[in-house]
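Chains as they are written, first to last, in the numbering used here: chain A, 22 to 162; chain B, 2 to 434. Using N, Cα and C, we set each Cβ at its ideal position, and we do this for glycine too.
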Amino acid sequence: MITHQLSVFLENKSGRLTEVLEVLGEENIRITALSVADTAEFGILRLIVSDPEKAREFLKKKSFSVNLTEVISVIVPNEAKHYAKILRILSDLGISVEYTYAFSLGDKSIIILRCSNTEEAIKALKSHELELLRASDLYKI
Amino acid sequence: MDIWNRHFECMDRNGIRKVQSERLRETVERVYFNVPFYRNRMQEAGLGPENIHSIDDLSKLPFTTKHDLRDNYPFGLFAVPMSEIVRVHASSGTTGKPTVVGYTRSDIATWSEVMARTLTAAGANRNDFIQVAYGYGLFTGGLGLHYGGEKIGASVIPISGGNTVRQIQLMHDFGSTVLACTPSYALFLAEAIEESGIKREDLKLRVGVFGAEPWTENMRREIEEKLRIKAIDIYGLSEVIGPGVAGECLVQEGLHINEDHFFPEIIDPETLQVLPEGSIGELVFTTITKEGLPLIRYRTRDLTRLNFEKCKCGRTMVRMEKCLGRSDDMLIIRGVNLFPSQVESVLLEISEIKPHYLLIVERNNNLDSLELKVEVEEEFFQDKISELQSLREKIQNTIESAIGLGLKVTLVEPKTIERSEGKSKHVIDNRKF
Chain A
22 MITHQLSVFL ENKSGRLTEV LEVLGEENIR ITALSVADTA EFGILRLIVS DPEKAREFLK
82 KKSFSVNLTE VISVIVPNEA KHYAKILRIL SDLGISVEYT YAFSLGDKSI IILRCSNTEE
142 AIKALKSHEL ELLRASDLYK I
Chain B
2 MDIWNRHFEC MDRNGIRKVQ SERLRETVER VYFNVPFYRN RMQEAGLGPE NIHSIDDLSK
62 LPFTTKHDLR DNYPFGLFAV PMSEIVRVHA SSGTTGKPTV VGYTRSDIAT WSEVMARTLT
122 AAGANRNDFI QVAYGYGLFT GGLGLHYGGE KIGASVIPIS GGNTVRQIQL MHDFGSTVLA
182 CTPSYALFLA EAIEESGIKR EDLKLRVGVF GAEPWTENMR REIEEKLRIK AIDIYGLSEV
242 IGPGVAGECL VQEGLHINED HFFPEIIDPE TLQVLPEGSI GELVFTTITK EGLPLIRYRT
302 RDLTRLNFEK CKCGRTMVRM EKCLGRSDDM LIIRGVNLFP SQVESVLLEI SEIKPHYLLI
362 VERNNNLDSL ELKVEVEEEF FQDKISELQS LREKIQNTIE SAIGLGLKVT LVEPKTIERS
422 EGKSKHVIDN RKF
């Protein structure tokens, strides 16, 4: 139930993001979701991709600093109240959400969460009958 | 032109050599019998005090370096018991530990004497108000100028560094006539005065004694024009005594070295051979009157050349040229010594793997600034903005407290810092003096 998200350290210089995407493009890696967390000096690029291990190797060869982070993917109907419910469940249990991002396809939404305790979060969400995506499903989108 | 100590400062060359030889013999005995480090070194070279008769024998003796001071931190090279040390000062070391120096009462008197000569050579006397804007504390600048100023009977204002608004206010209200600070701070003050609304005609500044960092003839002209004073170059290093090792006279054709206290040699920094008169090379000093921390052939790493001709001012003490550079990688930033290796030590403390780093020095508006770029190797990279930011802050805070200088730390991607074959280039100094 764990998804491996790629995170890449980027300096706040123009062209860095482009180069990452070009590398992934050359190696035919498909990107399911992407977000950039930024500060004035640097950013962290987060990607859900079709083959995280391979993508990591390709990026490392190009001298990028890359990590794989465990995140959870939840699929819900495309309504804000469902997103809110997920966050409420976690906060009631004292599990903090370090960051989250989401995207929608038609009447479904996919929500990516990075939690302070991945195992506990998975248990909690499953016990509320929420549908967690397997990594393989997610990478196929 | 006034000379503080005509007897020595205008002595004939033969007389000087005799004094130097006698004092060298005493110093060699002092270190041989009191400092294990020197005794061992001399014994290894098959030498005893009886082998040193005059300054012609000096080249038989081994050199001393900053590393030796570090290896014997803090007081291992002192030649007297601590009960006789009345003052310690410290300056930057090549790694974590500072360089520590110590003074007996007699050394403090020597220091005051050579500073009195320096100030007198700059035209100062008991009727002057000396604004000492060098830092007071472990740094030798502030207290060195202070004791020298008191010795000549001037009125000393121990204002120390910083607080520019107050510097200008007191300069005006007290009528300071002599300014003592780093040359870059002098330029900074010059502009601050212009902006302050206080008219230059209302200030009584006449001369400045500037040192603790390298500065060019261009900078000197700029200071002299902007502040409308004579800008005198002074030279020193705490290992030898502090400020007062050498200073320009009003002729401004070289800095007179107080060679009856500090014997100079010029060596080739690679072969370590003493070079013929007039050659450019590394300046080496042997202290021949200090008791607390006498040093034999201390390598300053400063490059210059010596001129033994009698100066138009009447002084016969040898002159050194304004320093032409260094034979090591030490930087001087806002008057503070910095070795890139100090930064390396800190980075190694923070992580086991030494990341690639680059120090960039700039000078904007006459103030030096320092930036440290550190590559975010995979081992450091965490997928959390707050973690990266606290890593950056940790590096910044640890380095700032280790080196005593504020700096900006920037995290950069791996492999963005140029690699070089052989000696890595850790510093880019964009300052143009």
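Open item on the list: I'd like to check one pair, Gly49 (chain B) with Ala213 (chain B): are the Cβ atoms closer than 8 Å?
Closed with: Within the second sequence, residue 213 (chain B) is the residue found at index 212, counting from 1. Within the second sequence, residue 49 (chain B) is the residue found at index 48, counting from 1. Going by beta carbons, Ala213 (chain B) and Gly49 (chain B) fall outside the 8 Å limit.
Task: Inter-residue Cα distance where the pair is Arg37 (chain A) and Glu380 (chain B) - done: Stepping through the first sequence from its first residue, residue 37 (chain A) is reached at position 16. Stepping through the second sequence from its first residue, residue 380 (chain B) is reached at position 379. Rounded to the nearest angstrom, the two C-alpha atoms are 20 Å apart.
Task: Chain-order list of residues whose beta-carbon lies under 6 Å from that of Arg67 (chain A) (same chain, five-residue window excluded) - done: Residue mapping note: residue 67 (chain A) aligns to position 46 of the first sequence, counting from 1. Closer than 6 Å at Cβ, skipping near neighbours: Gln26, Ser28 and Ser56.
Open item on the list: Between Gln397 (chain B) and chain A, is the shortest Cβ-Cβ distance under 8 Å, so that the two count as touching?
Closed with: Working through the second sequence from its first residue, we reach residue 397 (chain B) at position 396. Cβ-Cβ to chain A under 8 Å: no for Gln397 (chain B).
Task: CB of Gly326 (chain B) within 8 Å of CB of Leu304 (chain B), strictly - done: Residue 326 (chain B) sits at position 325 when you count from the first residue of the second sequence. Residue 304 (chain B) sits at position 303 when you count from the first residue of the second sequence. For Gly326 (chain B) and Leu304 (chain B), yes; Cβs fall inside 8 Å.
Task: Any C-beta of chain A under 8 Å from that of Val375 (chain B) - done: Within the second sequence, residue 375 (chain B) is the residue found at index 374, counting from 1. Val375 (chain B) does not count as touching chain A.
Open item on the list: Pairs of beta-carbons, one from the segment 269 to 283 of chain B and one from the segment 333 to 351 of chain B, closer than 8 Å: are there three or more?
Closed with: no
Open item on the list: Looking at the secondary structure, which residues open and close the alpha helix (DSSP H) in which Gly64 (chain A) lies?
Closed with: For the purposes of this step, residue 64 (chain A) is taken as residue 43 along the first sequence, with counting starting at 1. Here Gly64 (chain A) belongs to no alpha helix (DSSP H); instead the beta strand (DSSP E) covers Phe63 to Val70.
TODO: Give the range of the beta strand (DSSP E) segment to which Leu339 (chain B) is assigned.
DONE: Position 338 of the second sequence, counting from 1, holds the residue named residue 339 (chain B). Annotation: the continuous beta strand (DSSP E) that includes Leu339 (chain B) extends over Val337 to Leu339.
Task: Own chain residues within Cβ distance below 6 Å of Gly163 (chain B), not counting five before or after - done: Position 162 of the second sequence, counted from the start, is the residue given in the question as residue 163 (chain B). Nothing listed; no residue qualifies.
Task: Run of the alpha helix (DSSP H) containing Phe211 (chain B), from where it starts to where it stops - done: Indexing the second sequence from 1 puts residue 211 (chain B) at position 210. Counting along the chain, Phe211 (chain B) sits inside no alpha helix (DSSP H); it lies in the beta strand (DSSP E) bounded by residues Val208 to Phe211.
Task: Residues near Tyr160 (chain A) in its chain [Cβ-Cβ closer than 6 Å; skip 5 each side] - done: Numbered from 1 along the first sequence, position 139 holds the residue referred to as residue 160 (chain A). The answer, listed in chain order, is Ser71.
Open item on the list: Determine whether the beta carbon atoms of Ile194 (chain B) and Ile169 (chain B) lie at a separation below 8 Å.
Closed with: For the purposes of this step, residue 194 (chain B) is identified with residue 193 of the second sequence, where counting begins at 1. For the purposes of this step, residue 169 (chain B) is identified with residue 168 of the second sequence, where counting begins at 1. Yes, Cβ-Cβ distance for Ile194 (chain B) and Ile169 (chain B) is below 8 Å.
Open item on the list: Below 9 Å on C-beta distance, what does Glu152 (chain A) contact in chain B?
Closed with: In the first sequence, the residue the question calls residue 152 (chain A) occupies position 131. Going along chain B, no residue has its Cβ under 9 Å from Glu152 (chain A), so there is no contact; the nearest lies around 25 Å.
TODO: Just the chain B side, please: which residues come within less than 9 Å of Leu80 (chain A) by C-beta, in chain order?
DONE: Locating residue 80 (chain A) in the first sequence gives position 59, where the first residue counts as 1. Per Cβ cutoff of 9 Å: no residues; Leu80 (chain A) is ~11 Å from chain B at best.
TODO: Pull up the distance between the alpha-carbon of Asn6 (chain B) and that of Arg222 (chain B), whole angstroms please.
DONE: By one-based count along the second sequence, residue 6 (chain B) stands at place 5. By one-based count along the second sequence, residue 222 (chain B) stands at place 221. So the two alpha carbons sit approximately 29 Å from each other.
Open item on the list: Under 8 Å, with one C-beta from each stretch per pair, do the segment 137 to 156 of chain B and the segment 243 to 251 of chain B reach the 3-pair mark?
Closed with: As far as the Cβ criterion goes, the segment 137 to 156 of chain B touches the segment 243 to 251 of chain B, which means the pair count is three or higher.
- [ ] Would you mind working out which of B:Tyr33, B:Lys98 and B:Val319 sits nearest Glu260 (chain B), comparing C-alpha positions?
- [x] In the second sequence, the residue the question calls residue 260 (chain B) occupies position 259. Looking at the Cα atoms, B:Val319 is the closest of the given residues.
Open item on the list: Looking at Glu120 (chain A): is its Cβ nearer than 8 Å to the Cβ of Arg109 (chain A)?
Closed with: The residue labelled residue 120 (chain A) in the question sits at position 99 within the first sequence. The residue labelled residue 109 (chain A) in the question sits at position 88 within the first sequence. In the sequence as displayed, the identity of residue 120 (chain A) is Tyr instead of Glu. For Tyr120 (chain A) and Arg109 (chain A), no; Cβs fall outside 8 Å.
Task: Phe309 (chain B) versus Glu283 (chain B): straight-line alpha-carbon distance, rounded - done: Position 308 of the second sequence, counting from 1, holds the residue named residue 309 (chain B). Position 282 of the second sequence, counting from 1, holds the residue named residue 283 (chain B). Near 17 Å, if we compare the C-alpha coordinates of Glu283 (chain B) and Phe309 (chain B).
Task: Short-range partners of chain B found in the segment 84 to 118 of chain A, where Cβ spacing is below 8 Å - done: Cβ contacts with chain B come from Ser84, Phe85, Ser86, Val87, Asn88 and Thr90.
Task: Ser92 (chain B) versus B:Glu419, B:Ile429, B:Leu406 and B:Arg420, residue with shortest Cα-Cα distance - done: On the second sequence, position 91 is the one that residue 92 (chain B) refers to. Per the Cα distances, B:Leu406.
- [ ] Tell me Glu152 (chain A)'s beta-bridge partners as DSSP assigns them.
- [x] Counting from 1 along the first sequence, the entry for residue 152 (chain A) is found at position 131. BP columns for Glu152 (chain A) point to A:Ile96.
TODO: Compare the beta carbon distance of Ser177 (chain B) and Gln132 (chain B) with 8 Å and say whether it is the shorter of the two.
DONE: As a first step, residue 177 (chain B) must be located in the second sequence, where it is residue number 176. As a first step, residue 132 (chain B) must be located in the second sequence, where it is residue number 131. Yes, the Cβ-Cβ distance between Ser177 (chain B) and Gln132 (chain B) is below 8 Å.
Open item on the list: Out of A:Glu91, A:Ala61, A:Ala58 and A:Glu62, which one is the CA nearest neighbour of Pro73 (chain A)?
Closed with: On the first sequence, residue 73 (chain A) is found 52 positions in, with the first residue counted as 1. Taking only the C-alpha atoms, the option nearest Pro73 (chain A) is A:Glu91.
Task: Beta-carbon separation (whole angstroms), Val428 (chain B) vs Val362 (chain B), contact threshold 8 Å - done: In the second sequence, the residue the question calls residue 428 (chain B) occupies position 427. In the second sequence, the residue the question calls residue 362 (chain B) occupies position 361. So it is a contact: roughly 7 Å between Cβ atoms.
Task: Under the three-state DSSP convention, the category Glu394 (chain B) falls into - done: In the second sequence, the residue the question calls residue 394 (chain B) occupies position 393. In the structure shown, Glu394 (chain B) sits in a helix (DSSP, three-state: H, G or I).
Task: Supposed close pair Thr399 (chain B), Val347 (chain B) - CB separation, criterion 8 Å - done: Against the second sequence, residue 399 (chain B) aligns to sequence position 398. Against the second sequence, residue 347 (chain B) aligns to sequence position 346. Confirmed, about 5 Å.
Open item on the list: Just to check my reading of the structure: Val32 (chain B) and Ile297 (chain B) have Cβ atoms closer than 8 Å, yes? What is that Cβ distance to the nearest angstrom?
Closed with: In the second sequence, residue 32 (chain B) corresponds to position 31, counting from 1. In the second sequence, residue 297 (chain B) corresponds to position 296, counting from 1. A Cβ-Cβ separation of about 6 Å places Val32 (chain B) in contact with Ile297 (chain B) under the 8 Å criterion.
Task: Cα-Cα separation, Asn128 (chain B) to Glu45 (chain B) - done: For the purposes of this step, residue 128 (chain B) is taken as the residue at position 127 of the second sequence. For the purposes of this step, residue 45 (chain B) is taken as the residue at position 44 of the second sequence. Those two C-alpha atoms are separated by around 53 Å.
- [ ] Can you grab the Cα-Cα spacing for the pair Gly103 (chain B) / Arg300 (chain B), in whole Å?
- [x] In the second sequence, counting from the first residue as 1, residue 103 (chain B) sits at position 102. In the second sequence, counting from the first residue as 1, residue 300 (chain B) sits at position 299. The alpha-carbon atoms of Gly103 (chain B) and Arg300 (chain B) are separated by roughly 18 Å.
TODO: Would you mind telling me which residues of chain B sit closer than 7 Å to Glu62 (chain A), beta carbon to beta carbon, in chain order?
DONE: Start at 1 with the first residue of the first sequence, and residue 62 (chain A) comes out as number 41. Result: Thr411 and Leu412.
- [ ] Confirm, please, whether the CB-CB distance from Ser86 (chain A) to Phe189 (chain B) is below 8 Å.
- [x] Mapped onto the second sequence, residue 189 (chain B) falls at position 188. Mapped onto the first sequence, residue 86 (chain A) falls at position 65. In this structure, Phe189 (chain B) keeps its C-beta atom at 8 Å or more from the C-beta atom of Ser86 (chain A).
- [ ] Say yes only if the C-beta of Phe264 (chain B) is nearer than 7 Å to one or more non-hydrogen atoms of the ligand GTP, and no if none qualify.
- [x] Only the bare structure without any ligand can be found here, which leaves the ligand GTP out of the picture.
- [ ] Can you have a look at Glu114 (chain B) and say buried or exposed, based on whether 16 or more other CB atoms are within 10 angstroms of its CB?
- [x] Your numbering for residue 114 (chain B) matches position 113 in the second sequence. The residue is buried, with at least 16 neighbouring Cβ atoms inside 10 Å.
Open item on the list: For Phe38 (chain B) and Cys11 (chain B), I'd like the C-alpha separation in whole angstroms.
Closed with: Working through the second sequence from its first residue, we reach residue 38 (chain B) at position 37. Working through the second sequence from its first residue, we reach residue 11 (chain B) at position 10. Computed Cα separation, rounded: 36 Å.
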